[in-house]
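Take a look at the structure set out below.
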Amino acid sequence: MTNLYENLSWLLEPPKDFSKILSETRSSAELRELAKYSLDGNQLGRLSKKLNFFKENKENLSPLLPLSIGVIGNATTKLITPALIGSALRFGIALDVVEAEYNQVAQEAFSEDSVLIGQELDAILVSIDHHGLPFLPCPGNKKLANNNVQDCLSFIKSVIDSLRNRTGAQIILQNVTPPVESMFGSYEARLPGTLAWLVSSLNSELNKLVSDDIFILDIADLASKVGLVNWHDPTLWNMAKLSFSQKFIPIYSDYVCRIFAAKLGKSRRCLILDLDNTLWGGVIGDDGMEGILVGNGDPTAEAHLNLQQIVFELHDRGIILAVCSKNEDAIARQPFREHPEMILKEEHFAVFQANWSDKAANIKAISEMLSLGLESFVFLDDSPAERMQVRRELPDVAVPELPKDPALYGSTLVAAGYFEATTFSEEDEKRTAFYQENAKRAEVLTKSSNMDSYLESLGMEITLLPFDATGRSRIVQLIGKSNQFNLTTKRYSNSEVKEFEDKPNFFTRQIRLKDVFGDNGMISVIICEKNADIWSIDTWLMSCRVLGRRVEEAALKDVVTQAREAGASKLVGIFSPTERNIIVKDHYKKLGFTKISGKGEKETWKLDISNYQHPELPMSFKYAL
Numbered sequence: 004m005t006n007l008y009e010n011l012s013w014l015l016e017p018p019k020d021f022s023k024i025l026s027e028t029r030s031s032a033e034l035r036e037l038a039k040y041s042l043d044g045n046q047l048g049r050l051s052k053k054l055n056f057f058k059e060n061k062e063n064l065s066p067l068l069p070l071s072i073g074v075i076g077n078a079t080t081k082l083i084t085p086a087l088i089g090s091a092l093r094f095g096i097a098l099d100v101v102e103a104e105y106n107q108v109a110q111e112a113f114s115e116d117s118v119l120i121g122q123e124l125d126a127i128l129v130s131i132d133h134h135g136l137p138f139l140p141c142p143g144n145k146k147l148a149n150n151n152v153q154d155c156l157s158f159i160k161s162v163i164d165s166l167r168n169r170t171g172a173q174i175i176l177q178n179v180t181p182p183v184e185s186m187f188g189s190y191e192a193r194l195p196g197t198l199a200w201l202v203s204s205l206n207s208e209l210n211k212l213v214s215d216d217i218f219i220l221d222i223a224d225l226a227s228k229v230g231l232v233n234w235h236d237p238t239l240w241n242m243a244k245l246s247f248s249q250k251f252i253p254i255y256s257d258y259v260c261r262i263f264a265a266k267l268g269k270s271r272r273c274l275i276l277d278l279d280n281t282l283w284g285g286v287i288g289d290d291g292m293e294g295i296l297v298g299n300g301d302p303t304a305e306a307h308l309n310l311q312q313i314v315f316e317l318h319d320r321g322i323i324l325a326v327c328s329k330n331e332d333a334i335a336r337q338p339f340r341e342h343p344e345m346i347l348k349e350e351h352f353a354v355f356q357a358n359w360s361d362k363a364a365n366i367k368a369i370s371e372m373l374s375l376g377l378e379s380f381v382f383l384d385d386s387p388a389e390r391m392q393v394r395r396e397l398p399d400v401a402v403p404e405l406p407k408d409p410a411l412y413g414s415t416l417v418a419a420g421y422f423e424a425t426t427f428s429e430e431d432e433k434r435t436a437f438y439q440e441n442a443k444r445a446e447v448l449t450k451s452s453n454m455d456s457y458l459e460s461l462g463m464e465i466t467l468l469p470f471d472a473t474g475r476s477r478i479v480q481l482i483g484k485s486n487q488f489n490l491t492t493k494r495y496s497n498s499e500v501k502e503f504e505d506k507p508n509f510f511t512r513q514i515r516l517k518d519v520f521g522d523n524g525m526i527s528v529i530i531c532e533k534n535a536d537i538w539s540i541d542t543w544l545m546s547c548r549v550l551g552r553r554v555e556e557a558a559l560k561d562v563v564t565q566a567r568e569a570g571a572s573k574l575v576g577i578f579s580p581t582e583r584n585i586i587v588k589d590h591y592k593k594l595g596f597t598k599i600s601g602k603g604e605k606e607t608w609k610l611d612i613s614n615y616q617h618p619e620l621p622m623s624f625k626y627a628l
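Each number in the numbering used here corresponds to the 1-based position in the sequence shown with 3 added.
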């Protein structure tokens, strides 16, 4: 199991001519594709150098998203920084790193001359291991032990509070990996005052610091997965003050970059599953119900059952499930309906694609049915040929490399970290239901004579209300994750959203939608700055699952009405194009706005609302105070 993490086993081995390919790479898009292999620290460092070369030569870095971070810690980070930059490419991020000097945590956090000040950092990685904290083991003395934990906690809190106040950056706080040595053996962790007890207690306290602006990087969990003896390298610490073994730099960097990706809304949302020899052993069309292997009492059958259990748990935490199988539809559905040991049932899947089309074509169809971009998907298939075809045809889809042993399928899927979360809301828990209902709407659309009759048949009710404490976490989540229907891709933290609630010169809207198939939840967020004659649209985003249902027109009707009542005569909106929000490039044009300036990186659009006529809309409006 160590190699699963050490070698990033869900990624393909790099090509033998990696060096040649890298030297011939001419674009950031090509560099990103090269980062998708299982690369060691040296190879990641070479990717970092190539990216820096592109930056120095002012090359176009599209489609990469820029992100600037600081790194501060008590150990040497010189070898980690290039690996972070190289790993970030795998997630579509062009990472800039401002690195503090070795073992200068307090100095950089509190000094006016800190290298982190004035850098416009998006986040700061605070990496302090047990060597850098004032731990004072006192076995058996619980009072002193608790005081020692509080001393360590106070030091960390003062560091991150100072960094947040002086830089405005979010904090990625690394928790503490316990040492290997146990003076008391199995009794070590239970005895107050031992180093293991102190570290465990401090980590529990660190979890309480989590907020929208502080996230815990659980390195203690990663170290436990690979084994503490493997993680720690006393020789490297003594020689170079490296806090863990160099062979784990790639997985450490991947762990860090998963958080950055999640913060940018790049975590995957949907798991697409093959069936034969993936969810069960055997081929349902050939072996029949009695011949497939799933359940207890057989090693292979239990391996596939374990994968189903993991998939079921992903479903329960809000990951959308879909089937993509080369099979007759009725035969493919039979195990879900009739096999007594199946954990997964038909109702767990938002889309069920079983036919004889190629897998890439079916995945495209699933994408359209769910109104999700291909970068939202993970495709799990036991067949190397099918995996290769999807990787080639749909490079935005994540396709984990699976081992030959099905007992490791579930572990590999989880280890890959595709579904990294920084929050978990009630909306997340209901996500699968939302998309299942969307699939039903798509079915109704195919049976409707025209779009107008389809929309009328949905019986839509739109609810509009200002930002409030109840909806704040979902608002922050939408702002953080929405990339496609997002006109400016601005990001706001929990505290910043709270400020908008209290600012009289800002108009805010959280918009919810219900229809005959169910509650879609919060599907749109709008922020406008109010001036005497002009309202400026600061943020306008919407969930892609309600595209084509005229919700944007309903939102505009609301904004125009409120702006008119406040005495304004014009609306001004900004469109900042990215690779992922291309679907809204004509958003303002379709709504009747006129472009007044800009081309390429930023466009400004204006709407005269003094004579604006609202269209008839197929929905009722509900306003809440």
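Backbone N, C-alpha and C fix where the C-beta goes; we use that ideal spot for every residue, glycine too.
Legend entry - Which of helix, strand or coil DSSP assigns to Val129: strand
Legend entry - 8 angstroms CB neighbourhood of Asn206 in its chain, flanking five on each side removed: Asn178, Val179 and Ala223
Inset, instruction - For Leu15, I'd like the list of residues in its chain whose CB is within less than 7 angstroms of its CB, leaving aside the five on either flank, ordered along the chain. - result: Tyr40, Ser41 and Glu404
Inset, instruction - Would you mind reading off the limits of the beta strand (DSSP E) that contains Tyr626? - result: Met622 to Tyr626
Inset, instruction - State the beta-bridge partners of Thr597 as determined by DSSP. - result: Lys609
Inset, instruction - Let me know the secondary structure DSSP gives Trp240 once reduced to three states. - result: helix
Inset, instruction - Starting from Met391, follow the beta strand (DSSP E) in both directions and report where the run begins and ends. - result: Not the beta strand (DSSP E): Met391 falls in the alpha helix (DSSP H), residues Pro387 to Glu396.
Legend entry - Between the CA atoms of Leu317 and Ala38 - distance to the nearest angstrom: 26 angstroms
Legend entry - Contact under 7 angstroms by Cβ, Val630 with Val232: An answer regarding residue 630 cannot be provided, because it is not within the stretch 4 to 628 covered by the chain.
Inset, instruction - Have a look at Ala664 and Leu128 and give me their C-alpha separation to the nearest angstrom. - result: No answer is possible for residue 664: it lies beyond the span of the chain, which begins at 4 and ends at 628.
Inset, instruction - Starting from the Cα of Arg271, find the closest Cα among Lys517, Gly321 and Ser256 and give me that residue. - result: Gly321
Legend entry - Where Glu36 sits in the DSSP three-state scheme: helix
Legend entry - Closest by C-alpha distance to Ala357, when choosing among Ser374, Asp279, Ser623 and Pro69: Asp279
Legend entry - Check whether Asp630 and Leu467 have beta carbons under 7 angstroms apart: In the structure as shown, the chain begins at 4 and stops at 628. Residue 630 is therefore absent and cannot be evaluated.
Inset, instruction - Note down, in chain order, each residue of its chain lying with its Cβ closer than 8 angstroms to the Cβ of Lys52, except the 5 sequence neighbours on either side. - result: Pro85
Legend entry - Bounding residues of the beta strand (DSSP E) (the contiguous stretch that carries Thr511): Phe509 to Asp518
Inset, instruction - Under 8 angstroms by Cβ, that's how I've got Ile262 and Leu220 pegged, so tell me the actual separation to the nearest angstrom. - result: 6 angstroms
Inset, instruction - Starting from Ile586, trace the alpha helix (DSSP H) both ways and give me its first and last residue. - result: Neither: Ile586 is in no alpha helix (DSSP H) and is coded neither H nor E.
Inset, instruction - Assign Arg494 to one of three DSSP states: helix, strand, or coil. - result: coil
Legend entry - DSSP-derived helix/strand/coil call for Pro409: helix
Legend entry - the segment 165-173 / the segment 147-154 touching (three or more Cβ pairs under 8 angstroms): no
Inset, instruction - To the nearest angstrom, report how far apart Leu7 and Lys250 are at their CA atoms. - result: 13 angstroms
Legend entry - Contacts around Asp216, its chain only, beta-carbon distance under 8 angstroms, and the 5 residues preceding and following it disregarded: Arg167, Gln173, Ile174, Ser496, Asn497 and Ser498
Legend entry - Beta carbon of Lys598 nearer than 7 angstroms to that of Glu606: yes
Inset, instruction - Check each candidate in Ile346, Gln46 and Cys260 and name the one with the smallest Cα separation from Ser22. - result: Gln46
Legend entry - Classification of Gln487 by the beta-carbon crowding that lies within 10 angstroms, buried from 16 upward: buried
Inset, instruction - Classify Gln311 as buried or exposed, calling it buried when 16 or more other Cβ atoms lie within 10 Å of its own Cβ. - result: buried
Legend entry - Nonlocal neighbours in the same chain, by C-beta distance under 7 angstroms from Lys348, ignoring five residues either side: Phe339
Inset, instruction - Just mark Asp1 as buried or exposed, buried being the case when its beta carbon has 16 or more other beta carbons within 10 Å. - result: Nothing in the structure corresponds to residue 1, since the chain is present only between 4 and 628.
Inset, instruction - Output yes or no for whether 7 angstroms exceeds the beta carbon distance between Ala410 and Ala325. - result: no
Inset, instruction - Assign Trp359 to buried or exposed, taking buried as 16 or more other Cβ atoms, counted over all protein chains shown, within 10 Å of its Cβ. - result: exposed
Inset, instruction - Can you grab the Cα-Cα spacing for the pair Leu383 / Leu416, in whole Å? - result: 8 angstroms
Inset, instruction - For Ser130, collect the residues of the same chain with a Cβ closer than 6 angstroms to its Cβ; drop the 5 residues on either side in sequence, then sort them by chain order. - result: Gly76 and Gln177
Legend entry - Under 7 angstroms between C-beta atoms of Leu245 and Leu68: no
Inset, instruction - Would you list the one or two residues that DSSP bridges to Asn358? - result: Lys329
Legend entry - Simplified DSSP assignment, three categories, for Ile537: strand
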